[in-house]
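Protein sequence lines, in the order shown, are assigned to chains A, B and C.
Going by the working numbering, the first sequence opens with residue -4, and the numbers climb by one from there.
Going by the working numbering, the second sequence opens with residue -4, and the numbers climb by one from there.
Going by the working numbering, the third sequence opens with residue -4, and the numbers climb by one from there.
Cβ atoms here follow ideal geometry from the backbone N, Cα and C, with glycine treated the same way.
Computed from a prediction, not measured in an experiment: that's the story for all the values here.
A quick write-up on the structure given underneath.
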Amino acid sequence: MEQNVFFLPHEGLRLAELAEFLGAELVNSDHADVIVRSVAPISRARAGDICYILSRRSRDELATCEASAVICDKALADLVPQHLPVMLSSNPHAAFAMAGGLFYPAALRPVAFSGESEIAPSAVIDPSAKLEKGVIVEPMAVIGAHAEIGEGTRIGAQSIIGPNVKIGRDCSIAAGASILCALLGNGVIIHNGARIGQDGFGYAPGPRGMIKIVQIGRVIIQDNVEIGANTTIDRGAMDDTVIGEGTKIDNQVQIGHNVQIGRHCAIVAQVGIAGSAKIGNGVQIGGQVGIKGHVTIGDGVQIAAQSGIMTDLAAGGQYGGTPARPLNDYLRDVAQQMSKTKLRGKKPGGEQND
Amino acid sequence: MEQNVFFLPHEGLRLAELAEFLGAELVNSDHADVIVRSVAPISRARAGDICYILSRRSRDELATCEASAVICDKALADLVPQHLPVMLSSNPHAAFAMAGGLFYPAALRPVAFSGESEIAPSAVIDPSAKLEKGVIVEPMAVIGAHAEIGEGTRIGAQSIIGPNVKIGRDCSIAAGASILCALLGNGVIIHNGARIGQDGFGYAPGPRGMIKIVQIGRVIIQDNVEIGANTTIDRGAMDDTVIGEGTKIDNQVQIGHNVQIGRHCAIVAQVGIAGSAKIGNGVQIGGQVGIKGHVTIGDGVQIAAQSGIMTDLAAGGQYGGTPARPLNDYLRDVAQQMSKTKLRGKKPGGEQND
Amino acid sequence: MEQNVFFLPHEGLRLAELAEFLGAELVNSDHADVIVRSVAPISRARAGDICYILSRRSRDELATCEASAVICDKALADLVPQHLPVMLSSNPHAAFAMAGGLFYPAALRPVAFSGESEIAPSAVIDPSAKLEKGVIVEPMAVIGAHAEIGEGTRIGAQSIIGPNVKIGRDCSIAAGASILCALLGNGVIIHNGARIGQDGFGYAPGPRGMIKIVQIGRVIIQDNVEIGANTTIDRGAMDDTVIGEGTKIDNQVQIGHNVQIGRHCAIVAQVGIAGSAKIGNGVQIGGQVGIKGHVTIGDGVQIAAQSGIMTDLAAGGQYGGTPARPLNDYLRDVAQQMSKTKLRGKKPGGEQND
């Protein structure tokens, strides 16, 4: 990719410095003063870039690679040609991710609109709101009564922070998001247009239509959670909706009232989780999955994209399909379906006789 | 749940007053002066709370329940221990919902950002717009030319009301929603980030790409409709898109141009309804369902989550699956699939021989 | 539909003028001075309306039609009764679309909030941003540092244009959209609440949770693209996310990082396209389809609604289902499923014995 104006390369770090930051080992100290400024995939890394490899399949690409350094596991170090500086790491992917964050700190957070002043004059902040020092409020943000915002947090342009909401330190609320009836920990990132804390979908059938059941719970978002663009998270009905520490949620996910999600989960785009479902720790959910209300998903479960979860899922399992079943079963069903399709096309006599 | 700052408990009502409001019967008039302030599920209701039961399965919970009153049907009254005041109602769920609304009126509507003044000075309101008395306009809302807003309606922070839009009385437009080319009845609630009235998706293939078909219809939203966060409703092409009285729509639902939805429907999150579909009255649609364009869904139909509707569905039926079929058939297919999965796992010889 | 206030009929054009504009042939020059002002479907076209027909099935409707003109192919002209002026076009649908745009130019673009002045005083525009002449900035829009906006482009109310973003000429950014880290061509339309250019969903597993992989690519949106309400398009990780010329994307579509979409595609609502997928030219994707990351979809492919694409799809094919298979196979499977359901219902002895 030609250089772009949104993320300028770093002014440069010596490999020795970078290795120390990453907790990696620079194999040849002759390379200590080589300067790196950016990250790139091995297929097009050039001078100044650092890249990484995970398997022996990268051998050919290494032969012609012009990167200024390659991060790899000790077991793969022999693959790397002499001319390329090698950094050893037991987790090259994580080391590469850390390098990226070091080179492009601005890219770790939603795009900033902050001008010279910390509090944009166009923002509307209730006088009773408490902002710690170092809080940035971008243009046209609205902050309600008695809201509390921690040090180092940025409230994005045109975002909305409801009355009494508490946001911890070093959080980023991107432009156009709304946060209501919620308590956020530290280091939380909320992307553009996410809607947190509106009331859940609950009604009782009455004689003249549905009667709204008041939703008086909250949304609790623990430390280091990230929530994608246009995702919606309803507040609890009479309990709380909880998103556990370190969980990452992609765009356009819908999370119903009272849902409890554990720590360090990854939830891909357009997933829907119905009310009162309980998701364990370290759960990974593929895109467009639907999860029924009140089910329990055990720790470490992995769910294939587009699956429909109608029952509890035991911890540690991999599942797929609608209804969801063990992943191997699902993949076999998929393979059978595909093979049936191919056979059918070739079957003499054709489908008229089916 | 510990007390929360977003919804403070009510100052308290006498059970006699509450019974009168609910149209319920307080069994023992000795309890007339007991004070209630909040609602809770039976599992953790305490002094000051009112709860409800729907079946005999709640017997054990009742034994240890500390609520200040229990709402139940006459047939279940004998279950309730002597120490608990009983309110009889033929519809305990509805009575409980009404009690919730009475205790927490603020929770019946999107979170308010209104300060002391009724019209926020930062709002931009076209001079030709007509606002009845008692209209509240929150910070940074934009109201276009010739828009008309009825008494008691609140226009939320940073929401957008298009030119010529008409909104009835006692409506709530939440922060960050946009309403264009639409006529809204009374008592309508539009949640955060909902997008109403942008043009539908219509093109004619031309020699140099797709030619836009102008969308000159409107969106008609009847009384007491509620529309969820980040839901999108396109205006009609040459007809109108219509949402019938009392219908409730959850978050992230997509409703295409010319769709007509009847009265008192419930549509769960992430449903997609393609253009010109007709949905009857009292229809219930589960999450992530997709409905093909131009189909007709009869009154009272219930559709299971994630179903795909490709054909008309007769009134009163229950359906599920893709393609949608009678719910019992679908559930049997689901059960067979699950049972096949289980058998397979146990089959001697394993899947290598399949 | 009764007249509506959102889109007033045109002041009127002579049929001769309209024919010239459309490149159509007015059969009978006696009708040259007939005035038309609007478009309507044949079923309710009246005096002043123009309509079109595509097949002989419209014969009955034509008999009672009161339109001021009918557009049709030469082969169908004999169907039209004597009293109705006929315009011949080899592509009546496209001609009708063009007529609509001529009568209702305002409906070709998102609803405008622009008052008398071109730059709303409430907008916050960084002094370093460059706006060509004729740029309209509506109330409360925020434009970041060094952004560049081309002549004739309208930046909608409360929309957000990030630092360094470049937007071409004659574009429309609707109210409440956000555009970050993106380069837009000419004639691009972005609808309300669309979120363009936030960072993609990428993490490396680390010892203490997921480590964010910086997303330093861009979003490139070519000429005449249209993007629907509340759609989200993530910027590239180390490459760019690209939407090709003339492609039309509906509401609530999710497009992951590094996705490349060709020219003149049509993508219906609620589709999800995972990271690094490559979509060819002229591809049509039905609603709620999910496309796996890194797959390649050939030119001209058509995909039925709700399908799940797990593998590459060859150019020119039609596909449906999950897993996606040739459309004919999928439709046969659907028909079998439906027929099985019907048989089952009629089977003597019933399902108790199943």
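A direct Cα-to-Cα measurement between A/GLY204 and C/GLY147 gives close to 49 angstroms. For B/GLN331, the nearest beta carbon of chain A is not closer than 8 angstroms to its own beta carbon.
For C/PRO200, the uninterrupted beta strand (DSSP E) segment begins and ends at 198 to 201. What A/SER117 touches in chain C, judged by beta-carbon distance under 7 angstroms, is VAL119, going in chain order.
Shown in chain order are the members of the segment 298 to 314 of chain C whose Cβ falls below 8 angstroms from a Cβ of chain B: ALA300, GLN301. When rounded, the separation of the alpha-carbon atoms in A/ASP121 and C/LEU13 is 57 angstroms.
The alpha carbon of A/ASP165 has as its nearest neighbour, out of A/ILE138, A/ILE191, A/VAL220, the alpha carbon of A/VAL220. Beyond the five residues adjoining it in sequence on each side, B/GLY95 comes within less than 8 angstroms, by CB distance, of VAL34, ALA102 in the same chain, given in chain order. If you compare the alpha carbons of A/GLY282, A/GLN283, A/ALA272, A/GLY285 with that of A/ILE292, the shortest gap goes to A/ALA272. Secondary structure within the segment 121 to 209 of chain C: the beta strand (DSSP E) runs of 3 or more consecutive residues, fully enclosed, are 177 to 179, 198 to 201, 204 to 207 (chain order). The alpha-carbon separation between B/LEU83 and B/LYS69 amounts to approximately 6 angstroms. Look at B/LYS287 here: in three-state DSSP terms it is coil, with no helix or strand label. Taking 9 angstroms as the Cβ-Cβ cut-off, the segment 10 to 23 of chain A has no residue approaching chain C. For C/ILE211, the chain A residues whose Cβ falls inside 7 angstroms of its Cβ are PHE2, TYR99, ALA102, in order along the chain. Counting along the chain, C/ALA90 sits inside the alpha helix (DSSP H) bounded by residues 87 to 98. Counted as a single uninterrupted DSSP element, the alpha helix (DSSP H) harbouring C/THR59 occupies residues 54 to 59.
Straight across, the Cα-Cα distance linking B/ILE274 with C/ALA261 is about 26 angstroms.
Rounded to the nearest whole angstrom, the C-alpha separation of A/ALA177 and A/ASP234 is 13 angstroms. Put simply, the backbone Cα of B/VAL75 is about 32 angstroms away from that of A/ASP194.
Setting aside the 5 residues that flank it on each side, A/GLY285 is surrounded in the same chain by GLY267, GLY303, each with a C-beta closer than 6 angstroms to its C-beta; the list follows chain order. Membership of C/ALA11 in the alpha helix (DSSP H) is indicated by the continuous run 10 to 17. Judged by DSSP in its simplified three-state form, A/ASP44 adopts strand. At least one CB atom of chain B sits nearer than 8 angstroms to the CB of A/ASP324. Counting C-beta pairs with one atom in each stretch, the segment 208 to 228 of chain A and the segment 134 to 154 of chain B have fewer than three that are closer than 8 angstroms, which means they do not touch. Boundaries of the beta strand (DSSP E) harbouring B/THR236: 236 to 238, taken from the DSSP string. Residue burial annotation: A/VAL81 is buried, with at least 16 other C-beta atoms found within 10 angstroms of its C-beta. Counted as a single uninterrupted DSSP element, the beta strand (DSSP E) harbouring A/ALA64 occupies residues 64 to 67. Its chain contains CYS166, ILE216, VAL220 as the residues whose beta carbon lies nearer than 6 angstroms to that of B/VAL183, once the 5 sequence neighbours on both sides are disregarded; these appear in chain order.
Interface flag for B/THR148 against chain A is unset, since no Cβ pair is found closer than 8 angstroms. In the DSSP assignment, B/ILE216 falls within the unbroken beta strand (DSSP E) covering 214 to 216. Chain-ordered, the chain A residues with CB closer than 7 angstroms to the CB of B/GLN153 read VAL137, GLN153, ILE155. By the neighbour-count definition (other C-beta atoms within 10 Å, threshold 16), C/LYS243 is a buried residue. Within the DSSP secondary-structure output, B/GLY315 pairs in a beta bridge with B/ARG320.
Chain B has a Cβ within less than 8 angstroms of the Cβ of C/THR336.
The Cβ atoms of A/PHE91 and A/TYR47 sit closer than 8 angstroms to each other. By the C-beta density criterion, B/GLN331 is exposed, having fewer than 16 other C-beta atoms within 10 angstroms.
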